[in-house]
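Visitor: Read in order, the letters of the sequence shown correspond to residues 1152 to 1499 in my numbering. My structure is below; once you've seen it, I'll send some questions.
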Amino acid sequence: MSVIDRDQKVIQMAADLGLDWRQAPTEAIIEFCKQRIAGWLSGAPNVRTLDDLEALVCKRLRLVIEEFSSDDELDAVIAKYVAMGEYVFASQRDELGPETFATLIRRENATPTCPDQFVAIVDCRGDKAVRRFFTRWHEIAHVLTLVRGQMTLPFHRSTVNRNPIEQLMDKIAAEVGFFDALFAPVVRSAIESAGGLTFAVVEHLRGTECRRASFHATLIAVATRAPIPAVTIEAGWGLKKGEQEMTRTPGLFPELKPQAMLRVLAAGGNELARNSGLRIHQNMRVPESSVIARLFTDPVAANAGLTLRSVESLQAWTTSGGGAIGDADVTVEARRHGDRAIALITPA
1152 MSVIDRDQKV
1162 IQMAADLGLD
1172 WRQAPTEAII
1182 EFCKQRIAGW
1192 LSGAPNVRTL
1202 DDLEALVCKR
1212 LRLVIEEFSS
1222 DDELDAVIAK
1232 YVAMGEYVFA
1242 SQRDELGPET
1252 FATLIRRENA
1262 TPTCPDQFVA
1272 IVDCRGDKAV
1282 RRFFTRWHEI
1292 AHVLTLVRGQ
1302 MTLPFHRSTV
1312 NRNPIEQLMD
1322 KIAAEVGFFD
1332 ALFAPVVRSA
1342 IESAGGLTFA
1352 VVEHLRGTEC
1362 RRASFHATLI
1372 AVATRAPIPA
1382 VTIEAGWGLK
1392 KGEQEMTRTP
1402 GLFPELKPQA
1412 MLRVLAAGGN
1422 ELARNSGLRI
1432 HQNMRVPESS
1442 VIARLFTDPV
1452 AANAGLTLRS
1462 VESLQAWTTS
1472 GGGAIGDADV
1482 TVEARRHGDR
1492 AIALITPA
């Protein structure tokens, strides 16, 4: 069992939802949410995109999502609901600080039939805007799984400090935000029409299916559902696990501090990639010959938004023992985002 599965609040939530909590409560809760949405979707033939799906789910949950990108917009949201006699909204300027992504409020003056029985206020200021898609679905997940005692209402804060319940909500958001019944078929169709999976395909799907999602989130969701082997990585300057420990306890020779190398900071991929042996591991060094490295060494290529693409051999990717992870040729497409690069790797 995972750490989340062993958490008492997660176990209690599964039990309160009438689910089997003894083996894998996290999986049971996620499946509960998926089945609940599938039931609503079966009676809504006009729902075709993920944005349509969000609107349907919010309507069924009687949830309204209010986004703001500036302090003035937040003040307008607060004034709107305070004027309706919902005085808990008056404190939201203080509640929505730097470490808070959203607050979820149950209106005290709303009847059970009001379309805005619940209100989620989503902070889209600055860097938080990148996460807006998942923040919206994170708050939806809270209402989807709402049971007695789950959260302290009239309001709940979603912050950067992810306790097991908050981690569970993120897992639910990742599953239902890119709902398979809607998203998987269009992913397959788009890749088949384009003759392969590229950043352009991801951008197309983002523009037509999930405009609120970030490019990175859409890339991961598309690669996971692709009908071809696909790996996504996030690269940047970093240390090996042992080197990270050395920086925390430098010992007698602090001047021997290890130097950060260009490494894989996060890696993911679909089952087809794993079955074919196409695996890139976290903390692996990025080969100097890769276009991913060029995004960090070439001043022109380092410009944000520039996409590089090349055919490379897996022989250049070596483990800590010096052995290559394979000898196949792969297509690597990469783009710089701030101090990191996002890359897509598929068979050439």
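Glycine included, each C-beta is placed from N, C-alpha and C at the ideal position. Note that this is a predicted model, so its numbers are computed, not measured.
In the DSSP output, which residue or residues are listed as bridge partners for threonine 1251?
Guide: On the sequence shown, residue 1251 is found 100 positions in, with the first residue counted as 1. Thr1310.
Visitor: Excluding the five sequence neighbours on either side, which residues of its own chain have a C-beta within less than 7 angstroms of the C-beta of aspartate 1490, listed in chain order?
Guide: Indexing the sequence shown from 1 puts residue 1490 at position 339. For aspartate 1490, where only same-chain residues beyond five positions count, the Cβ hits under 7 angstroms are Gly1387.
Visitor: Do you know offhand how far glutamate 1250's Cα is from threonine 1375's?
Guide: Your numbering for residue 1250 matches position 99 in the sequence shown. Your numbering for residue 1375 matches position 224 in the sequence shown. Those two C-alpha atoms are separated by around 30 angstroms.
Visitor: Give a yes or no on contact between the segment 1226 to 1238 and the segment 1167 to 1176, applying the rule of three or more CB pairs nearer than 8 angstroms.
Guide: The segment 1226 to 1238 vs the segment 1167 to 1176: no contact.
Visitor: For leucine 1387, write down the residues that DSSP places opposite it in a beta bridge.
Guide: Indexing the sequence shown from 1 puts residue 1387 at position 236. Sequence check: residue 1387 is glycine here, not leucine. DSSP lists Arg1414 as partners of glycine 1387.
Visitor: Which word fits aspartate 1274, buried or exposed, when buried means at least 16 other C-beta atoms lie within 10 angstroms of its C-beta?
Guide: To locate residue 1274, count along the sequence shown from 1; it is residue 123. Classification of aspartate 1274: buried, given that the 10 Å Cβ count is 16 or more.
Visitor: Quick check on phenylalanine 1243: buried or exposed, where buried means 16 or more other Cβ atoms within 10 Å of its Cβ?
Guide: Here residue 1243 refers to the residue found at position 92 when the sequence shown is read from its first residue. The question names phenylalanine, but residue 1243 in the sequence shown is glutamine. Buried, by the Cβ-count rule.
Visitor: On the DSSP letters alone, give me the boundaries of the beta strand (DSSP E) that alanine 1492 sits inside.
Guide: To locate residue 1492, count along the sequence shown from 1; it is residue 341. Per DSSP, alanine 1492 belongs to the beta strand (DSSP E) from 1491 to 1498.
Visitor: Please report how far the alpha carbon of leucine 1212 lies from the alpha carbon of aspartate 1167, in whole angstroms.
Guide: Reading the sequence shown from its first residue, position 61 is the one you call residue 1212. Reading the sequence shown from its first residue, position 16 is the one you call residue 1167. Spanning the two alpha carbons is a distance of roughly 18 angstroms.
Visitor: Are there 16 or more other CB atoms within 10 angstroms of the CB of glycine 1428, so buried, or fewer, so exposed?
Guide: The residue given as residue 1428 occupies position 277 in the sequence shown. Burial call: exposed.
Visitor: According to DSSP, is arginine 1486 part of a helix, a strand, or is it coil?
Guide: Your numbering for residue 1486 matches position 335 in the sequence shown. Here arginine 1486 sits in strand by DSSP.
Visitor: Please report how far the alpha carbon of leucine 1465 lies from the alpha carbon of isoleucine 1496, in whole angstroms.
Guide: Here residue 1465 corresponds to residue number 314 of the sequence shown, with the count starting at 1. Here residue 1496 corresponds to residue number 345 of the sequence shown, with the count starting at 1. Going by the C-alpha atoms only, they are around 10 angstroms apart.
Visitor: Tell me the rounded alpha-carbon separation between valine 1352 and serine 1344.
Guide: Counting from one through the sequence shown, the residue named residue 1352 turns up at place 201. Counting from one through the sequence shown, the residue named residue 1344 turns up at place 193. Looking at the two C-alpha atoms, the distance is approximately 9 angstroms.
Visitor: Determine the direct distance from the alpha carbon of phenylalanine 1183 to that of glycine 1300, and round the result to whole angstroms.
Guide: Sequence index remark: in the sequence shown, residue 1300 carries index 149 (1-based). Sequence index remark: in the sequence shown, residue 1183 carries index 32 (1-based). Caution is warranted here: a pLDDT of 46 is assigned to glycine 1300, below 50, making its placement in the model unreliable, and the coordinate value is therefore given only provisionally. So the two alpha carbons sit approximately 18 angstroms from each other.
Visitor: List the whole-angstrom C-beta distance separating leucine 1201 from phenylalanine 1350, where the pair is believed to meet the contact cut-off of C-beta under 8 angstroms.
Guide: Taking the first residue of the sequence shown as position 1, residue 1201 is located at position 50. Taking the first residue of the sequence shown as position 1, residue 1350 is located at position 199. Leucine 1201 to phenylalanine 1350, Cβ: 19 angstroms. No contact.
Visitor: Going straight from the alpha carbon of valine 1281 to that of alanine 1364, what length do you get?
Guide: Here residue 1281 is taken as the residue at index 130 of the sequence shown, counted from 1. Here residue 1364 is taken as the residue at index 213 of the sequence shown, counted from 1. Each residue's alpha carbon lies about 8 angstroms from the other.
Visitor: Taking its Cβ as the centre, do 16 or more other Cβ atoms sit within 10 Å of alanine 1377, making it buried, or is it exposed?
Guide: One-based indexing of the sequence shown puts residue 1377 at position 226. By the neighbour-count rule (16 or more Cβ atoms within 10 Å), alanine 1377 is buried.
Visitor: Could you give the C-beta distance for threonine 1296 and methionine 1164, rounded to a whole number, given that I count them as a contact under 8 angstroms?
Guide: Working through the sequence shown from its first residue, we reach residue 1296 at position 145. Working through the sequence shown from its first residue, we reach residue 1164 at position 13. Their Cβ separation, rounded to whole angstroms, is 6 angstroms, which keeps threonine 1296 and methionine 1164 in contact under 8 angstroms.
Visitor: Who are threonine 1469's beta bridge partners in DSSP?
Guide: Here residue 1469 refers to the residue found at position 318 of the sequence shown. Answer by DSSP bridge pairing, in chain order: Ala1475.
Visitor: Would you decide whether glutamate 1290 is buried or exposed? Buried here means 16 or more other CB atoms lie within 10 Å of its CB.
Guide: Stepping through the sequence shown from its first residue, residue 1290 is reached at position 139. Looking at its Cβ environment, which holds 16 or more other Cβ atoms inside 10 Å, glutamate 1290 is buried.
Visitor: From valine 1483 to threonine 1359, what does the alpha carbon distance come to, in whole angstroms?
Guide: To locate residue 1483, count along the sequence shown from 1; it is residue 332. To locate residue 1359, count along the sequence shown from 1; it is residue 208. Looking at the two C-alpha atoms, the distance is approximately 24 angstroms.
Visitor: Residues in the same chain with beta-carbon distance under 7 angstroms from methionine 1302, minus the five sequence neighbours each way, listed in chain order, please.
Guide: Residue numbering aside, residue 1302 sits at position 151 when the sequence shown is read from its first letter. At methionine 1302 the pLDDT is 49, less than 50, meaning the model places this residue with poor confidence and gives no usable figure here.
Visitor: Quick check: the Cα distance between threonine 1286 and arginine 1257, rounded to an integer number of angstroms?
Guide: Along the sequence shown, one-based indexing puts residue 1286 at 135. Along the sequence shown, one-based indexing puts residue 1257 at 106. Approximately 17 angstroms, taken between the alpha carbons.
Visitor: Tell me, to the nearest whole angstrom, how far the beta carbon of aspartate 1480 is from that of valine 1462; I am working on the premise that it is less than 8 angstroms.
Guide: Translated into the one-based positions of the sequence shown, residue 1480 becomes position 329. Translated into the one-based positions of the sequence shown, residue 1462 becomes position 311. Confirmed, Cβ separation roughly 6 angstroms.
Visitor: Rounded to the nearest angstrom, how far is the Cβ of alanine 1189 from that of alanine 1335, given a contact under 8 angstroms?
Guide: Taking the first residue of the sequence shown as position 1, residue 1189 is located at position 38. Taking the first residue of the sequence shown as position 1, residue 1335 is located at position 184. At roughly 13 angstroms, the Cβ-Cβ gap does not stay under 8 angstroms, so alanine 1189 and alanine 1335 are not in contact.
Visitor: Flag isoleucine 1229 as yes when its Cβ comes closer than 7 angstroms to any non-hydrogen atom of the ligand FMN, and as no otherwise.
Guide: Among the components of this structure there are no ligands whatsoever, and the ligand FMN is therefore not found.
Visitor: Output yes or no for whether 8 angstroms exceeds the beta carbon distance between isoleucine 1177 and phenylalanine 1252.
Guide: Residue 1177 sits at position 26 when you count from the first residue of the sequence shown. Residue 1252 sits at position 101 when you count from the first residue of the sequence shown. In the sequence under discussion, the amino acid at residue 1177 is threonine, which differs from the isoleucine named in the question. For threonine 1177 and phenylalanine 1252, no; Cβs fall outside 8 angstroms.
Visitor: Residues bridged to leucine 1459 by DSSP?
Guide: Indexing the sequence shown from 1 puts residue 1459 at position 308. Partner(s): Ala1485.
Visitor: Can you give the Cα-Cα distance for valine 1382 and alanine 1424, rounded to whole angstroms?
Guide: Within the sequence shown, residue 1382 is the residue found at index 231, counting from 1. Within the sequence shown, residue 1424 is the residue found at index 273, counting from 1. Those two C-alpha atoms are separated by around 7 angstroms.
Visitor: If alanine 1418 sits next to isoleucine 1384, beta carbons under 8 angstroms apart, how far is it from one beta carbon to the other, in whole angstroms?
Guide: In the sequence shown, counting from the first residue as 1, residue 1418 sits at position 267. In the sequence shown, counting from the first residue as 1, residue 1384 sits at position 233. That pair is a contact at about 5 angstroms.
Visitor: For proline 1315, count the other beta carbons within 10 Å of its own beta carbon; 16 or more makes it buried, fewer makes it exposed. Which is it?
Guide: For the purposes of this step, residue 1315 is taken as the residue at position 164 of the sequence shown. So proline 1315 ends up on the buried side.
Visitor: Which runs of the alpha helix (DSSP H) at least 4 residues long sit entirely within the segment 1210 to 1271? Give them in chain order.
Guide: Entirely contained in the segment 1210 to 1271, the alpha helix (DSSP H) runs reaching 4 residues are, in chain order, 1222 to 1233 and 1243 to 1246.
Visitor: Determine the DSSP secondary structure at serine 1464, reduced to helix, strand or coil.
Guide: Counting from one through the sequence shown, the residue named residue 1464 turns up at place 313. Strand.
Visitor: Bridge partners for arginine 1445 per DSSP, in chain order?
Guide: The residue labelled residue 1445 in the question sits at position 294 within the sequence shown. Its beta-bridge partners do not exist; DSSP assigns none.
Visitor: Based on the DSSP secondary-structure assignment, which residues constitute the bridge partners of glycine 1420?
Guide: Translated into positions along the sequence shown, residue 1420 becomes position 269. Note: glycine 1420 sits in a beta bridge opposite Val1382.
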